């Protein structure tokens, strides 16, 4: 599988695209005025402890107070560690939140989820700092190995090396990342020494700096992309900014010199995202409907509570029978769903409504295809069996806003509903408002200002109804079109 990482830099925005076999799989965006804060470590102040929620709001210097749950304060050794988990899994607290925190208390916290919508950032005191091959867990003593490293001898080698190195640098806990597979002890030692230096700086700053200060800030998007996204099958990282290219070269020269030859400066006249068709893919990623090669299609609906994905056969008729047609469509849809989740960065609860299949083996194969396609996803996913209603429920870890919510805003005309009232509906609302206004206020004449489409309908199709209304009320009514009015907007003015 051929994979490339494209870095597009403009003065106020940086975008990183992961392209596999010519198809866009992931898109990461960082804008200068709104950088993500996941991974940042702050010296915060407890603003308010809420016993009923077993949580507290902590002021860290962001626009809104951040949220810290009691489960994210108490630490416990994990039963298993897998790639994507940055810290041991928490267990319920042994004591109430009031015994753990108090109002006004200073506390060192790390952001694990960006502010999303109206919700503030999510915090933890279980600090984790990633590097190329390791994740430092300063409050832990556990050394874990990514579950994606399957060779048992290699797992034992890595664990032995890191455990020995850790004992020389304070005995902290570490997660050994997938990228560490096959790396020599020297490379791991450099990574571990770097993380130790970073943690020493964080500790010193936590003592010296005032509250609401940032103690550690994660790398910028291009550097994070090189650190986290480069795998063995990534052939090139192409960058269209010389300044960013030089920063990446300096970064890899220090931390991962074997990757230096993969970093390439793109100097072509055509924009790099246009050359690879990324811009077109981004546009399609904002559509609700996703066409499949077979003629079927997906319909993706993102709501506040969950994301639903509906699979349809569309124009695909198949060659044998209905069951075979449905099965082939669902297999293709399973792969497309996995790609769309990565591309659109959809998270939380996801419900997939595959086309109904009678054959249990077909259902198993579709589920296996989905799980296999999700294996390359950097975010942690959990897929459940088909429900009695034929639905597949799954979860995907969400730390930042989806692509749609990063690039779009609710429609000003419909307010995000996805539909607007018809001109006919608005017409009858206007008639009712006229009657209400005349009964409440005394006026000889009335002026109605509305959108051009509504006014055109009233003066054309409803002209007789207007005449009847004028006779009934004994008032003169005039209509005025205004292009600035949305279809649902109107004003009734008394003259």
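Numbering (the working numbering), first residue to last: 31 to 525. All residues carry an ideal CB built from backbone N, CA and C; glycine is no exception. These numbers come from a predicted model, not from an experiment.
Asked, Found
"In angstroms, rounded to a whole number, what distance separates the CA positions of residue 344 and residue 291?", "46 Å"
"Quick one: Cα of residue 368 to Cα of residue 404, how far?", "5 Å"
"In terms of residue numbering, what span does the beta strand (DSSP E) encompassing residue 266 cover?", "264-269"
"Got a sec, what are the start and stop residues for the alpha helix (DSSP H) residue 58 sits in?", "Unbroken run through residue 58 is the beta strand (DSSP E), 53-61; no alpha helix (DSSP H)."
"Determine the contact status of residue 306 and residue 36, defining contact as a CB-CB distance below 8 Å.", "yes"
"Evaluate residue 508 with the Cβ neighbour count: other Cβ atoms within 10 Å of its Cβ, from every protein chain shown; 16 or more gives buried, anything less gives exposed.", "exposed"
"Have a look at 393, 342, 205 and flag the residue whose alpha-carbon is nearest the alpha-carbon of residue 166.", "205"
"Taking the alpha helix (DSSP H) that residue 365 falls in, what are its first and last residues?", "352-374"
"Rounded to the nearest angstrom, what separates residue 260 and residue 209 at their Cα positions?", "8 Å"
"List the residues that DSSP assigns as beta-bridge partners of residue 306.", "Its beta-bridge partners do not exist; DSSP assigns none."
"Can you tell me where the alpha helix (DSSP H) with residue 136 in it begins and where it stops?", "That residue, residue 136, is in no alpha helix (DSSP H); its beta strand (DSSP E) goes 136-143."
"Distance, Cα to Cα, residue 274 vs residue 283?", "14 Å"
"Taking DSSP's pairing of strands, which residues face residue 321 in a bridge?", "327"
"With a CB to CB cut of under 7 Å and the five nearest residues on each side skipped, what residues in its chain are close to residue 86?", "76, 78, 79, 80, 98, 127, 131"
"Quick check on the DSSP output: the beta strand (DSSP E) that includes residue 38 runs from which residue to which?", "33-40"
"Whole angstroms is fine: what's the gap from residue 145's alpha carbon to residue 88's?", "13 Å"
"Once DSSP output is grouped into helix, strand and coil, what is the label at residue 90?", "coil"
"Rounded to a whole number of angstroms, what is the C-alpha to C-alpha distance between residue 101 and residue 158?", "16 Å"
"Using the Cα positions of residue 20 and residue 442, report the straight-line distance between them to the nearest angstrom.", "In the structure displayed, the chain extends from 31 to 525; residue 20 sits before or after that span and is not available."
"Tell me, to the nearest whole angstrom, how far the beta carbon of residue 143 is from that of residue 333; I am working on the premise that it is less than 8 Å.", "At roughly 18 Å, the Cβ-Cβ gap does not stay under 8 Å, so residue 143 and residue 333 are not in contact."
"Quick check on residue 83: buried or exposed, where buried means 16 or more other Cβ atoms within 10 Å of its Cβ?", "exposed"
"Under DSSP, the alpha helix (DSSP H) around residue 258 begins and ends at which residues?", "251-259"
"Can you give me the C-alpha to C-alpha distance between residue 123 and residue 266, rounded to a whole angstrom?", "Unreliable positioning characterises residue 123 in this predicted model, as indicated by a pLDDT of 44, which lies under 50. A coordinate reading is not provided."
"May I ask you to verify whether the segment 52-72 touches the segment 237-254, counting CB pairs closer than 8 Å and requiring at least 3?", "yes"
"By the three-class DSSP mapping on this structure, what secondary structure does residue 83 have?", "helix"
"Taking the beta strand (DSSP E) that residue 426 falls in, what are its first and last residues?", "422-426"
"Am I right that residue 316 and residue 438 are in contact with their C-beta atoms under 8 Å? What's the rounded C-beta distance?", "6 Å"
"Please classify residue 224: does DSSP put it in a helix, a strand, or coil?", "helix"
"Mapping the DSSP letters down to three states, classify residue 73 as helix, strand or coil.", "strand"
"Given a cut-off of 8 Å on the beta-carbon distance, is the pair residue 426 and residue 371 in contact?", "yes"
"At which residues does the beta strand (DSSP E) containing residue 294 begin and terminate?", "293-295"
"Pull up the CB-CB distance for residue 484 and residue 457, whole angstroms please, since I reckon it's below 8 Å.", "6 Å"
"Whole angstroms are fine: how far does the CA of residue 293 sit from the CA of residue 313?", "27 Å"
"According to DSSP, simplified to helix, strand and coil, what is residue 436?", "helix"
"Do you know how far the Cα of residue 138 is from the Cα of residue 600?", "The requested residue 600 is not part of the displayed model; the chain covers only 31 to 525."
"Confirm, please, whether the CB-CB distance from residue 188 to residue 222 is below 8 Å.", "no"
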